[in-house]
Amino acid sequence: MLKRCEDTKLALNWEKSHFMVKKGIVLGHKISKKGIEVDKAKIEVISKLPHPTTVKGIRSFPGHAGFYRRFIKDLSKISRPMTHLLEKNSPFIFSNECIQAFRTLKDKLTEAPILIAPNWDQPVELMCEASDYTVGVVLGQRIKKHF
1 MLKRCEDTKL ALNWEKSHFM VKKGIVLGHK ISKKGIEVDK AKIEVISKLP
51 HPTTVKGIRS FPGHAGFYRR FIKDLSKISR PMTHLLEKNS PFIFSNECIQ
101 AFRTLKDKLT EAPILIAPNW DQPVELMCEA SDYTVGVVLG QRIKKHF
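Each residue of the sequence shown is one higher than the last, beginning at 1 in the UniProt record's numbering.
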């Protein structure tokens with residue numbers, strides 16, 4: 001790895017580099033032999049956020065949740081009541097439906113699954129879903145793995 005960094009003239013910050021470790025935080029994700037997980041410290045911050053009361057707050061929360069979009073099934077569908085408030089000429093009324101969407105997203109973040117590397121010896125499935133306002137695609141495998 002160090003040779004490749006040298007060949008590509010990639011500079012490493014030695015104070016931020018860790019070698020010979022079994023797990024660590026990389027770009028906001030916890031990486032271990034189990035797979036890729038959300039960073040619990042970041043999720044704790046998100047879970048304590050109050051629901052947005054302004055358009056700016058609405059824009060910022062999906063940004064937080066969107067960082068972990070690969071961990072949340074149906075993120076666009078769940079956040080639709082909130083993102084609808086961002087549409088042009090849409091009145092800002094943070095309804096009970098918006099509050100429920102906000103809470104659901106926070107709950108989904110705290111119980112996010114662990115993503116594991118694919119096993120190329122097993123079949124791969126492309127799962128698609130669409131509605132009037134969202135399209136979702138997941139490339140996955142149905143493998144039982146117990147840690």
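All C-beta atoms, glycine included, are put in the ideal place defined by N, C-alpha and C.
With respect to residue 38, residue 68 sits close: the two C-beta atoms are nearer than 7 Å. Taking C-beta separations shorter than 8 Å and ignoring five residues to either side along the sequence, the partners of residue 124 in its chain run 118, 139, 140 and 141, following chain order.
Nearest in C-alpha terms to residue 95, of all of 115, 81 and 42, is 81. Residue ranges of uninterrupted alpha helix (DSSP H) with 4 or more members, entirely inside the stretch 67 to 99 and ordered along the chain, are 75 to 83. The three-state secondary structure of residue 117, taken from DSSP, is coil. Residue 47 sits close to residue 106, with the two beta carbons spaced by under 7 Å.
Where residue 41 is concerned, the enclosing alpha helix (DSSP H) starts and stops at 40 to 47. Residue 17 is classed as exposed because its beta carbon has fewer than 16 other beta carbons within 10 Å across all chains shown.
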